């Protein structure tokens, strides 16, 4: 029996661990062809991926390159799960390092924007 995502192509960022890895497993189990993107190149080998890309979602050029490669490997991308994210350090607001705040914004906000911009037609 074909799964509900049979014939669909998906990209999952942060897909080598945590919630992203669970999403990858579920999509693959339901028949999707999945491109897994993660910063941890070694962890990508253990995923249920049709295609992988080791990248940092804060690198707009790398995201666009990976999206093009995923499109060539999988065909039209039907699903984007932008699950790459970080929490940052645990500090009181007045002690929170600005550089760390910028990194959280870069990954959790700009990274999602870059991925959507590269994938959504």
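In my numbering, the protein residues as written are 6 to 126.
Don't be surprised by glycine CBs; every beta carbon is placed ideally from N, CA and C.
Quick caveat: nothing in here was measured; it's all calculated off a predicted structure.
Burial state of residue i, where buried means 16 or more other Cβ atoms lie within 10 Å
i, result
"residue 46", "exposed"
"residue 24", "exposed"
"residue 99", "exposed"
"residue 13", "buried"
"residue 29", "buried"
Nonlocal neighbours in the same chain, by C-beta distance under 6 Å from residue i, ignoring five residues either side
i, result
"residue 15", "32, 37, 39 and 84"
"residue 61", "44"
Residue i - containing beta strand (DSSP E), residue span
i, result
"residue 14", "14-18"
"residue 40", "38-43"
Coil, strand or helix - residue i by DSSP
i, result
"residue 60", "coil"
"residue 110", "helix"
"residue 124", "helix"
"residue 87", "strand"
"residue 10", "coil"
"residue 96", "coil"
"residue 81", "coil"
"residue 54", "coil"
"residue 119", "helix"
Element boundaries [alpha helix (DSSP H), containing residue i]
i, result
"residue 49", "46-49"
"residue 24", "23-34"
Selected residue, minimal CA-CA separation from residue i, among the options
i, options, result
"residue 22", "104, 125, 70 and 49", "49"
"residue 78", "88, 27, 9 and 41", "41"
"residue 123", "108, 59, 53 and 76", "76"
"residue 55", "64, 88, 65 and 20", "20"
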